[in-house]
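Visitor: Mind having a look at this structure? Questions to follow.
Number of protein chains: 2
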Amino acid sequence: MLHLERFLPYRLNRVAEAVSDEIRPIYKGLHGMNRPEWRVLVALAHIGPATATALCRHSAQHKTKVSRAVVALEKRRWITRDNDPADRRSEILQLNAAGHAAYRQIAGPVADADAAIQAKLAPGDRAALEQGLAALERAMGLVD
Amino acid sequence: MLHLERFLPYRLNRVAEAVSDEIRPIYKGLHGMNRPEWRVLVALAHIGPATATALCRHSAQHKTKVSRAVVALEKRRWITRDNDPADRRSEILQLNAAGHAAYRQIAGPVADADAAIQAKLAPGDRAALEQGLAALERAMGLVD
DNA sequence: CCTTGTTAGTTACAAAATTAACAGTCACGA
DNA sequence: TCGTGACTGTTAATTTTGTAACTAACAAGG
Chain C
1 MLHLERFLPY
11 RLNRVAEAVS
21 DEIRPIYKGL
31 HGMNRPEWRV
41 LVALAHIGPA
51 TATALCRHSA
61 QHKTKVSRAV
71 VALEKRRWIT
81 RDNDPADRRS
91 EILQLNAAGH
101 AAYRQIAGPV
111 ADADAAIQAK
121 LAPGDRAALE
131 QGLAALERAM
141 GLVD
Chain U
1 MLHLERFLPY
11 RLNRVAEAVS
21 DEIRPIYKGL
31 HGMNRPEWRV
41 LVALAHIGPA
51 TATALCRHSA
61 QHKTKVSRAV
71 VALEKRRWIT
81 RDNDPADRRS
91 EILQLNAAGH
101 AAYRQIAGPV
111 ADADAAIQAK
121 LAPGDRAALE
131 QGLAALERAM
141 GLVD
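First to last, the sequence lines map onto chains C and U.
Just so we're aligned: 20 in full-length UniProt numbering is position 20 of the first sequence, and the numbers increase by one with no gaps anywhere.
Just so we're aligned: 107 in full-length UniProt numbering is position 107 of the second sequence, and the numbers increase by one with no gaps anywhere.
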């Protein structure tokens, strides 16, 4: 008999959803962004100028999501597109000043909310979560 | 600066998706079920006859998802609906023989896949994951 | 009994995700 | 240099999900 309470995908999905529910209102309330847009914004802020394919890898999203998110960010005038001299199929995307400003404005509260969630855990539990999560990421081939 | 690698919602979503990707082909391949249907099937197998509301609670899904999943399972002739003598708004749902058989057929491989994933973790990492996940579930108010 | 408010469940509509198809470009060997 | 196949990114079509409105039924107070 399958125990839902111990069933990994069920537990992970449920807890991931609960955590997302606390973060989403921040980037949604501040600029009406959805998750794909928020992730692309974060990815661009971190890795700087990048092609759409690189953003797919770094934001762990499908190319159609990234494509539409990039269009949306472009409409907000937060990113610029430039030709990629090395490959005419792709374009170099990067945040402009307004994009960086928007990122900074959102990243603070989001980081605070993340810290608040982790602060609810006892230090030992927090360390255990970190260890277990890191191990699972390795086991699923998501890192290294 | 927000570190994606340490950002809880991102990590949880990504790892939850990776784990789901290993489980989904089983219930999808065996009977073409989607996740809401699979969850309702599991819930019904566990708690026995139940109303849709009880299935919402136990499968952690919105009532529209449950409503549609129940219709789908009904079309497969896996569940029966009976009047609830205590409340004429609701109906008592339960698996019939075919439903139980389908559940058993799927639950085995699914449990195996879950075990296989956990087997990839070192015992200490597995224990850490369990501890951290349980703590997070409590912190998010998902249990107790 | 009648309100008034709440709950169970379905359905309709809108938003989002997945899939598939596509044009343009590249890389590499024949 | 000419295919052939693979890759980049967008768009279209289909499916899934989420939101809101709705019907029917309950519950409690007047």
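Using N, Cα and C, we set each Cβ at its ideal position, and we do this for glycine too.
If you measure from the beta carbon of V110 (chain U) to each beta carbon in chain C, is any gap under 8 angstroms?
Guide: For the purposes of this step, residue 110 (chain U) is taken as the residue at position 110 of the second sequence. Closer than 8 angstroms to some Cβ of chain C, the Cβ of V110 (chain U) qualifies, so yes.
Visitor: M1 (chain U) and A18 (chain C) - do their beta-carbons sit closer together than 8 angstroms?
Guide: Here residue 18 (chain C) is taken as the residue at index 18 of the first sequence, counted from 1. Here residue 1 (chain U) is taken as the residue at index 1 of the second sequence, counted from 1. Contact flag unset, no.
Visitor: L55 (chain C) and A43 (chain C) - do their beta-carbons sit closer together than 8 angstroms?
Guide: Stepping through the first sequence from its first residue, residue 43 (chain C) is reached at position 43. Stepping through the first sequence from its first residue, residue 55 (chain C) is reached at position 55. The answer is yes: Cβ separation under 8 angstroms.
Visitor: With DSSP as the reference, label T51 (chain U) as helix, strand or coil.
Guide: Your numbering for residue 51 (chain U) matches position 51 in the second sequence. Three-state DSSP puts T51 (chain U) in coil, outside helix and strand.
Visitor: Taking Cβ-Cβ distances shorter than 7 angstroms, what residues in chain C pair up with D125 (chain U)?
Guide: Mapped onto the second sequence, residue 125 (chain U) falls at position 125. Chain C residues near D125 (chain U): Q131, G132, A135.
Visitor: Within this structure, are the beta carbons of A52 (chain U) and L95 (chain U) separated by less than 8 angstroms?
Guide: Position 52 of the second sequence holds residue 52 (chain U). Position 95 of the second sequence holds residue 95 (chain U). Contact flag unset, no.
Visitor: Does the CB of V66 (chain U) have a neighbour CB from chain C at under 8 angstroms?
Guide: For this step, residue 66 (chain U) is matched to residue 66 along the second sequence. By this cut-off, V66 (chain U) is not an interface position.
Visitor: Ordered along the chain, which non-local residues of its own chain (more than five positions away) have a Cβ less than 6 angstroms from that of I79 (chain C)?
Guide: For the purposes of this step, residue 79 (chain C) is taken as the residue at position 79 of the first sequence. Excluding residues within five positions, the ones whose Cβ falls inside 6 angstroms are L73, L93, L95, G99.
Visitor: Entirely within the segment 52 to 119 of chain U and at least 4 residues each: give me those alpha helix (DSSP H) ranges in chain order.
Guide: Fully enclosed alpha helix (DSSP H) runs of 4 or longer: 52 to 59, 63 to 75, 97 to 119.
Visitor: Closest by CA to L30 (chain U), which one among U:G124, U:P123, U:L133, U:V110?
Guide: Counted from its first residue, the second sequence places residue 30 (chain U) at position 30. Checked all of U:G124, U:P123, U:L133, U:V110; the closest Cα to L30 (chain U) is U:V110.
Visitor: Could you name the residues of the segment 50 to 66 of chain U whose beta carbon sits closer than 7 angstroms to any beta carbon of chain C, in the order they occur along the chain?
Guide: Cβ contacts with chain C: A60.
Visitor: Hey, how far is the Cα of K28 (chain C) from the Cα of A102 (chain C)?
Guide: If you number the first sequence from 1, residue 28 (chain C) lands on position 28. If you number the first sequence from 1, residue 102 (chain C) lands on position 102. When rounded, the distance between both Cα atoms is 12 angstroms.
Visitor: If you draw a straight line from the alpha carbon of D144 (chain C) to that of R138 (chain C), how long is it in whole angstroms?
Guide: Within the first sequence, numbered from 1, the residue matching residue 144 (chain C) stands at position 144. Within the first sequence, numbered from 1, the residue matching residue 138 (chain C) stands at position 138. Approximately 7 angstroms between the Cα atoms of the pair.
Visitor: What are the residues in the segment 3 to 20 of chain U lying within 9 angstroms of chain C by C-beta distance?
Guide: Listed by position along the chain: H3, L4, E5, R6, F7, L8, P9, Y10, R11, L12, N13, R14, V15, A16, E17, A18, V19, S20.
Visitor: Please state if the CB of V40 (chain U) and the CB of S59 (chain U) are separated by a distance shorter than 8 angstroms.
Guide: Position 59 of the second sequence, counting from 1, holds the residue named residue 59 (chain U). Position 40 of the second sequence, counting from 1, holds the residue named residue 40 (chain U). Yes; because the gap between Cβ atoms is below 8 angstroms, this pair is in contact.
Visitor: Count the other CB atoms within 10 Å of the CB of D112 (chain C); is the residue buried (16 or more) or exposed (fewer)?
Guide: Counting from one through the first sequence, the residue named residue 112 (chain C) turns up at place 112. The residue in question, D112 (chain C), is exposed, as its Cβ has fewer than 16 Cβ neighbours within 10 Å.
Visitor: What did DSSP end up calling V15 (chain U) once you bin it into helix, strand or coil?
Guide: On the second sequence, position 15 is the one that residue 15 (chain U) refers to. DSSP places V15 (chain U) in helix when its eight states are reduced to three.
Visitor: Grab me the residues of Q118 (chain C)'s own chain with a C-beta within less than 7 angstroms of its C-beta, minus the 5 sequence neighbours each way, in chain order.
Guide: As a first step, residue 118 (chain C) must be located in the first sequence, where it is residue number 118. Within the same chain, Q118 (chain C) has close Cβ partners R126.
Visitor: Which bits of chain U does H46 (chain C) rub up against, with CB to CB less than 9 angstroms?
Guide: As a first step, residue 46 (chain C) must be located in the first sequence, where it is residue number 46. Within 9 angstroms Cβ-Cβ: M1, L2, H3, L4.
Visitor: Any beta-carbon of chain C closer than 8 angstroms to the one on A69 (chain U)?
Guide: Here residue 69 (chain U) is taken as the residue at index 69 of the second sequence, counted from 1. So no, A69 (chain U) is outside the interface.
Visitor: Does the beta carbon of K28 (chain U) sit closer than 8 angstroms to a beta carbon anywhere in chain C?
Guide: Stepping through the second sequence from its first residue, residue 28 (chain U) is reached at position 28. Answer no: the Cβ-Cβ gap between K28 (chain U) and chain C never drops below 8 angstroms.
Visitor: Taking the alpha helix (DSSP H) that E137 (chain C) falls in, what are its first and last residues?
Guide: Position 137 of the first sequence holds residue 137 (chain C). Run containing E137 (chain C): 123 to 139, per the alpha helix (DSSP H) assignment.
Visitor: If you compare alpha carbons, which of C:E22, C:R35, C:F7 is closest to V66 (chain C)?
Guide: Position 66 of the first sequence holds residue 66 (chain C). Comparing Cα-Cα distances from V66 (chain C) to each of C:E22, C:R35, C:F7, the minimum goes to C:R35.
Visitor: I need the DSSP call for V40 (chain U), collapsed to helix, strand or coil.
Guide: Here residue 40 (chain U) refers to the residue found at position 40 of the second sequence. DSSP places V40 (chain U) in helix when its eight states are reduced to three.
Visitor: Cβ atoms of L129 (chain U) and L133 (chain C): under 8 angstroms apart, would you say?
Guide: Here residue 133 (chain C) corresponds to residue number 133 of the first sequence, with the count starting at 1. Here residue 129 (chain U) corresponds to residue number 129 of the second sequence, with the count starting at 1. Yes, these two residues count as a Cβ contact at 8 angstroms.
Visitor: In the structure shown, what three-state DSSP assignment does G29 (chain C) receive?
Guide: For the purposes of this step, residue 29 (chain C) is taken as residue 29 along the first sequence, with counting starting at 1. Here G29 (chain C) sits in helix by DSSP.
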